[in-house]
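The structure appears below as structure tokens.
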Amino acid sequence: MSENTDTSPSDSISVSPLTDDPESSDSPDEVAMATARARLYGLLAAAFDGETETIATAFERGTFAAVADLFPIAIETTALRGDDYDADSLAIGYDNLFVVPGSHYVPPFASAHATDPGEEFESDSRYHTAGEAGELLGDPAADMAQLYDVAAFSPERGDDIPDHIAAYFEFMRALCEREAALLGDGESKETLDAVRELQSLTLSQLGWIDRFEEAVASHDTVEGVFAAITRLARTFTAWDTEIVTQTDPQPSETTHS
Amino acid sequence: MSSKDTDDRAEISRRDFVKAVGGIGLVAAGSNAAIELDVDDLWTDDEHHYVGDEYGEYDASDVIHTTCGQCNTFCPVKVQLADGSGTGEYSSLVRKLAGNPYSFLNTQPFSQVPYGSDPEDVAMGDVEGSGDVDKDRWSLSGGRICLKGQAGIQTAFDSYRVRQPMKRVGPRGSGEWKTVSWEQAVEDIIQGDDDLGHPGLADLWGYAPEEAVMSDWDAVQSGEMARAEFDEKYADDLIDTDHPDLGPKSNQIVDVGGFRRNFIRNRLWHQGLGSINSIHHAGTCGFSSVMGNVRSHDAPKKRQYPDIENCEYLIVWGTNPMVANKGPTWLAPKLTNAIEDGLRMDVVDPRLSKTGEKADTWVPVEPGADGALALGMARWIIENDRHDLDYLQNPSQSAANDDDEPTWSDANHLVLVDEPAGPKARASDLGLVSEDAATAEDFAVIDAATGEVRPASEVETAVLDGDVTVDGVTVQTVWHQYRERVFEHTVEEYAEMAGVPADQIAEIADEFTSHGKRAAIMAYRGPAKHTNGFYNTRAIATLQHLIGNYDWKGGQITPDAGYDTMSGRYELGSVPDGHSPWGIPLLRGGVNYEDTSLFDRDDGYPAKRPWFPVAPPQATQELYGSATDEYPYGVEALFIRPYSNNHVMAVAGGDEIPAILQDTDTIPLIVASDTVIGETSQYADYILPEPTYLERWENFGTYPNKRLADEKISQPAVSVVPNARPFEDVLIELWSELDFPGVGEDAIPDANGDLWPLEQAEDFYLKLAANIAYDRDPVEDASEDELRVFRESHENGLGEQFDLARWQAAVTDQEWAKVVTILNRGGRFEEPTAGYDEAFAEQGHDYDYAERGEDSNAYDGEHMRYKLESRVDFYSEVVPNGKHSFTGERFDPLPKVDDIEHYDGTVQAAVTESGEQERPLRLINWKPRTQGMHRTQNSPWLRETRPENPVWINTRDAEDRGIENGDEIAIDAGRETVDAVAMVTGGIRPGVVGAMWGWGRTGDGATAETIDGETRPSVEADGHSSYQFDEPMVEEAGYAKGRDAGFAINHIQPLDEQLGDTGLSDLVGGSNAQYDAFVDVERR
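Sequence lines, in order, name chains A and B. Residue numbers for the first sequence follow this note's numbering, beginning at 26 and rising by one. Residue numbers for the second sequence follow this note's numbering, beginning at 93 and rising by one.
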């Protein structure tokens, strides 16, 4: 085969393995696993970025419920089933829960990553209340920005400024997708290890998700759609952390212990 | 795999997970379009790259305090050296640049660390009271610095630095160079070079003292000396024996450089070489503003600044202190805090600047019509009796002091109206006292108590508006004339001229006169850089005479306070057996055309080129055309330091300069001392590598926009180009070879009259530091620890370039410990109160000691401690001594409304009446927020923040032309058409367009350079951020474009119709007009 006729996508990351069906054998290989994780992260990214058409479609197909059922922890899946919600009603729900009115926005790597607020911390920021909330654009934000930078990742999802939580899940999706591509290509182990280490580091930044889930649950009390999605996200990421830890290689010359 | 299939804790299988997720693919497939993940660039070694959470401790031995040179604010800065990094050709890398915490300038809005603080404690942020970086808003381990200052690292480490002396290959401007040794360069410059065909200084130089020449010339006139004898005697020394008043041949060796004036201009050029022509940047800068202020005050006052902390109403007029005007790092926080505390600030500017954005009211005046606006305000103030009558009726200092006024005005002084130049009458002129009386030189005034005309010092209250005859001599008060001038137009007429509604003029005038002494004006280049700039500035300055706000807390301030630099321990300005420069300056400043021998030669008026009889000879813009015309004489050798005087970019019409420089007949020898191959230096015969400001000595002054005394000193902090030599050192070598005075052995006298050598720059600057150290109460000696820190930090920064023994030998052993105290702090900074160190430890840095301290060094009761304490002038006696060199008409002693005119009187822009323009849009320009000068365009950090200079155009004008924000447009300026990008905004006056200067470069890496046969290409683009910059007003970082990005605003300025080789000039103030172009724009 000459070079000119080689149209294999294997060398290109522009062709996503997500367009193919995943492996469906009884013992999925690592490619299928990474691809599946990428898909769920992609769906969560879409959900938290307000892509309500996507959420509505997922409901129709029962996708959320099917995943939620897997986990032994109780997730109220009623809200995740059926076709009671169209995209418009979900959009209203999303806006009410997540959209900040006015001209200010939350940068794609910022507030959700705030760690426990320091009681002593004083700040001029109007977005910061000592003892109640973490620092906007503080160290946690810098940590996330650095992770994005290391991977040359640009949070550019959607038509507008990408939501910070959506950006996080989108980053994980891209990392998992990259992992799948690397496994399929059989490329260098060093690069694969580096991608998995990035996943591990990224998941280690999830200290906020428990409080985030509580906050969404306390506000989304009537319909509960986003509360359920958030609970799913929390459960899935906890599970995935275990997965990544298991696949994370032993310390070597090229990774941290 | 199977062993990992089941998670013990979650108990779900991977297979189930993959299956359950199977349906998602199509659902979420649309979400991945914008993702880039390129792990090819991923670091895979064991370092966390970009993750800056590990840092080495540094201490005072990694810190050198010096002065920033990225813009002309010259902030005191702290250079943090990267310990142990001197592994390249450079002696050390710079980790970071910050503000100097010892300085009250760069610690705003806080108070500086006490001067006695241990440098070790300061470096570590451990001074008691200086805050804790972990807990407080601010820690004073580092002071404030702007983005331009931080980018200074990229100036020092620019890969396009000139690294060796270079000699041109081929014609001037060929872009091709070969490196030569210093020895070769020096020899060629002195002896000339046959290859390039240029003469040397040894041939060109000639000098004879003025007294001897003019004495002989008088003898020739009286027939006591034969003309042939005179000619023969002075043929080698004078420029022209037919016109001895042109001076010696040394005048044809011309220096162009911005700074180091005390050393290079006063010492080496004037007294060493005996040339009168050492030129700085004034003509391209706010020269007319400076002169407008100088002529409005009897004591030195060049600039207008308010006491911001206590001012209640401030008019910022044609300047942008949030960004420029000597102190954004301190003026910006001062202003915003004052606004927060209740200051009302109005901004007069045709465009909504960063300062305008903070204003209560933005007044978009018609460019160049500022004088009309000021005189309109004056009319309203006088008509409504809002001027301070008590102040204006004080005829002298004693009367003023009785009123608790530190200053007084000339308003009630009498003018001899029938005399040609209309001088003010002295008591003896009117026969009030005899000529030898103590009060003979008193101004004559009319005593309000008696109606008698009397010497000013004998009168308590004088008549303001008087028009009387004394023994047949008609005299009028200055106020009478000023009032008549102001009343030549109605407020409505002034409003029409200024393009500002009459109601608004009244409102501003009302507000200005509603705060007693706590109102002030800060004005600078906006009103001044027109051909009528001098009169505009006069009109604005005299508004403050009306309320007499000088030296008052909250009013107009003039604290030029510093410490002695040039005298004290060493007389640094004194050159034993030095030459006295004389003759007509090349730029024809300070001399009336008709008082020279050229007047007869050239048949009187008009003179061939403009003269500037009442301004110093610094109308820079005239230099190159004068060389071409050999008017008043030719330039034989030109030495340029274009790092701060890049005239090709800085002069309006600077695009005409290259052709002049390329002609070796016009200027036979051109030597540039430059850090890079710039737009001007690229036409030199030689470019000598110059250290950047982080690598050399300097002593920059601070403008009087402060409350306390300070003196900054720059010292070498690193050495990046080992073979670079400060121009002082080069000149010392040249002068020594030529046996000129002022250098070498026995060059600098100390206070005892003993003579010290001057062999290198530090011989001068370390003595200057000693002068600073011993002024007033001498500073403390540096302790042993401090001396160690000094040695270690300079060894770290300068490596082998640091010779401690040599530095120490420049002063006495006794002085050395005090000199180190000065150098360890980057200068001397007055503390706000006595006992400051204890108060600071107790109260901390977040406290305004100058304001609240009972023994404040800033205030003296309700007055400033550092005062102007002089007469202020509505009427200048000096100005009418000057005559316009085209018409012979006298200049006006009073402020006035004037049109903007070419040298021959052709109106460029009418102010007094509306004029039609072929191209309807007035083009203005301003200093960029993100660039210090053209010279900082080399920095990719800065170019990322603002990659080009879009043209601001009002929405209305844009709509008329179908232009939208971000459109590519063509600017038609008549003689030139250039491309640009439109920025459509309501923030500029309709009919006015404008852009930042600093763009459109062709030097310093903007175009390819060939050295020793190797060509390095131009910089295409740089940067590391993936965000896009594509729209003006979208404040996102972008990729830095090439160094040639944008367009050069000065290259579309109109040329003077009479001269044709440079832009228009203000003949009274000396400035180059730079806001008077008319253009049209159209969408590309």
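Yeah, the Cβ is synthetic: ideal placement off N, Cα and C, and Gly gets one too.
Assign B/L1159 to buried or exposed, taking buried as 16 or more other Cβ atoms, counted over all protein chains shown, within 10 Å of its Cβ.
So B/L1159 ends up on the buried side.
What is the rounded straight-line gap between the Cα of B/P724 and the Cα of B/R352?
Answer to the nearest angstrom: the Cα atoms are 27 angstroms apart.
Check whether the Cβ of A/F73 lies closer than 8 angstroms to any Cβ atom in chain B.
The beta-carbon of A/F73 is placed no less than 8 angstroms from the nearest beta-carbon of chain B.
Which complete alpha helix (DSSP H) runs does the segment 915-959 of chain B hold, if anything under 4 residues is left out?
Here the runs fully enclosed are 928-935 and 941-944.
Can you tell me the Cα-Cα spacing of B/Y299 and B/S342, whole angstroms?
Cα to Cα, the separation comes out at about 6 angstroms.
Excluding the five sequence neighbours on either side, which residues of its own chain have a C-beta within less than 6 angstroms of the C-beta of B/G625, listed in chain order?
Cβ neighbours of B/G625 beyond the five flanking positions: S380, D1158, G1161 and S1163.
Backbone CA spacing between B/E544 and B/Q573 [nearest angstrom]:
In a straight line, the C-alpha of B/E544 is about 20 angstroms away from that of B/Q573.
Please check if any C-beta of chain A sits within less than 8 angstroms of the C-beta of B/L232.
Answer no: the Cβ-Cβ gap between B/L232 and chain A never drops below 8 angstroms.
Are the CB atoms of B/R236 and B/Q200 within a distance shorter than 8 angstroms?
Result yes, Cβ atoms of B/Q200 and B/R236 sit closer than 8 angstroms.
If you measure from the beta carbon of A/S33 to each beta carbon in chain B, is any gap under 8 angstroms?
Bear in mind that the predicted position of A/S33 carries a pLDDT of just 35, short of 50, making it too unreliable to give a figure here.
Min CB distance B/R106 to chain A below 8 angstroms
B/R106 belongs to the set of residues whose beta carbon lies under 8 angstroms from a beta carbon in chain A.
For B/I1061, three-class secondary structure by DSSP:
Looking at B/I1061 - three-state DSSP - the assignment turns out to be strand.
Where DSSP assigns a beta bridge to B/D285, which residues make up the other side?
DSSP, once it has assigned bridges, lists B/H290 as partnering B/D285.
Three-state class that DSSP yields for B/V560 in the structure shown:
DSSP places B/V560 within a strand segment (E or B) once states are collapsed to three.
First and last residue of the beta strand (DSSP E) that includes B/D347?
Counting along the chain, the beta strand (DSSP E) containing B/D347 begins and ends at I345 to G349.
Closer than 7 angstroms at the beta carbon, the chain B residues around A/L65
V113 and I116, listed in chain order.
Provide the residue(s) that pair with B/V1043 in DSSP beta bridges, ordered along the chain.
As a beta-bridge residue in DSSP terms, B/V1043 pairs with B/A1074.
Taking 8 angstroms as the cut-off, decide whether the C-beta atoms of B/D480 and B/G640 are in contact.
Less than 8 angstroms separates the beta-carbon of B/D480 from that of B/G640.
Is A/A240 close to chain B? Criterion is C-beta to C-beta, closer than 8 angstroms.
Taking Cβ atoms only, chain B never reaches closer than 8 angstroms to A/A240, which makes this a no.
Can you tell which of B/F196, B/S195, B/F166 and B/R255 has its C-alpha closest to the C-alpha of B/G244?
When each option's Cα is compared against that of B/G244, the closest is B/F166.
Inter-stretch contact at 8 angstroms, needing at least 3 Cβ pairs: the segment 647-657 of chain B / the segment 856-874 of chain B:
The count of Cβ pairs closer than 8 angstroms, one atom from the segment 647-657 of chain B and one from the segment 856-874 of chain B, reaches three, so the stretches are in contact.
Using CA atoms only, rank isn't needed, just tell me which of B/P547, B/A470 and B/L556 is closest to B/A503.
It is B/L556.
What residues from chain A crowd round B/F202, counting only those whose CB sits closer than 9 angstroms?
Those do not exist, as B/F202 stays about 14 angstroms from chain A at its closest Cβ, beyond 9 angstroms.
Rounded C-alpha distance that separates B/D947 from B/P1082
If you take the alpha carbons of B/D947 and B/P1082, they lie about 51 angstroms apart.
Kindly list, in the order they appear in chain B, the residues whose Cβ is closer than 7 angstroms to that of A/V92.
Ordered by position in chain B, the residues that pass the 7 angstroms Cβ test against A/V92 are A112 and V113.
Looking at the structure shown, is B/V440 part of a helix, part of a strand, or coil, going by DSSP?
Per DSSP, reduced to three states, the secondary structure at B/V440 is strand.
Paired residues, beta bridge with B/F1170 - DSSP
Per DSSP, B/R1014.
Ordered along the chain, which non-local residues of its own chain (more than five positions away) have a Cβ less than 6 angstroms from that of B/N417?
Excluding sequence neighbours, B/N417 sits near T411 and Y616.
DSSP three-state call for B/S718: helix, strand or coil?
In the three-state scheme derived from DSSP, where H, G and I count as helix and E and B as strand, B/S718 is classed as helix.
For B/T553 versus B/L506, is the C-beta spacing smaller than 8 angstroms?
In this structure, B/T553 sits away from B/L506, with a CB-CB distance that is not shorter than 8 angstroms.
Suppose you measure from the CA of B/Q1000 to the CA of B/A620; what does that come to, to the nearest Å?
Cα to Cα, B/Q1000 sits roughly 16 angstroms from B/A620.
Alpha carbon to alpha carbon, how far is B/G1152 from B/N1142?
Roughly 15 angstroms between the two C-alpha positions.
Closest Cβ-Cβ distance between A/L122 and chain B: below 8 angstroms?
Taking Cβ atoms only, chain B never reaches closer than 8 angstroms to A/L122, which makes this a no.
Between B/K645, B/S773 and B/A492, which has its C-alpha nearest B/V964's C-alpha?
For B/V964, the closest alpha carbon among the candidates B/K645, B/S773 and B/A492 is that of B/A492.
Residue range of the unbroken alpha helix (DSSP H) whose run includes B/I245
DSSP places B/I245 in the uninterrupted alpha helix (DSSP H) bounded by G244 to A248.
Bridge partners - B/Q568, DSSP secondary structure assignment:
The partner list for B/Q568 (beta bridge, DSSP) reads B/V507 and B/D559.
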